[in-house]
Structure formats: C-alpha cells, structure tokens
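Down below is the structure, laid out as structure tokens.
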Amino acid sequence: RLSLYQFEACPFCVRVRFTLKRLGLPIEIRDAKNNPEYKNELMEKGGQYQVPCLKIENEQGAVQWLYESSAIIQYLESRFAA
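Remember, our numbering sits 37 above the position in the sequence shown when you count from 1.
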C-alpha cells in the first residue's frame, strides 16, 4: 500500500504526481500542507516535515518512508514500469 504526502504547488511533488499518472498508479495523495492529520503523521512517523514523501507499507505491516522526488520516482519506475 502506497501513499504520497505532498504539497499541491511543490515542483518536486508535481514531478512525482506526473510519474504516478504516467504509470497509471492509483496511489492515495495526502495533502500535508492543508490537512493537519497528514502533516502530523508525516512529522511523527516519517521523522521530518518534508515533501514529497512516499509511505510504503508492505503486506506484513512494515512501513518505509521514502523522501526525495528522484528516489521516489526511481522506486516507482523500478517496481511498476512495464
């Protein structure tokens, strides 16, 4: 299960959202700027208030927080590109 924490106008977030659209991935987009719940979760569980951040939760419930747009795009393309 994947969730993207982002700001609407952040250029690095736009790059990641473009990749999601190009790959056809229905990932939940979480607005960490205007939603206090998402902002707090990003800071408390992710460890820093930085976007974009991809929350990766595997089948066993382990969670990984992936920061930096280039790292997120590389992960998405390596995992989901045809």
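Cβ coordinates follow ideal geometry from the N, Cα and C atoms, glycine included.
DSSP state of residue i mapped onto helix, strand, coil
i	result
V51	helix
Q11	In the structure displayed, the chain extends from 38 to 119; residue 11 sits before or after that span and is not available.
I64	coil
Beta-carbon proximity of residue i to residue j, cut-off 7 Å
i	j	result
F44	K70	yes
Backbone CA spacing between residue i and residue j [nearest angstrom]
i	j	result
E94	S115	17 Å
I64	L57	7 Å
S107	G84	19 Å
Neighbour-count burial assignment, residue i, 16 or more Cβ in a 10 Å radius
i	result
P73	exposed
V100	exposed
L41	buried
Short CB-CB distance (under 7 Å) between residue i and chain B
i	result
K82	Any reference to chain B falls outside this structure, which holds one protein chain only.
- Starting from the N-terminal side, write out each stretch of the beta strand (DSSP E) that is 3 residues or longer and does not extend beyond the stretch 56-105. 65-68, 90-94 and 100-104
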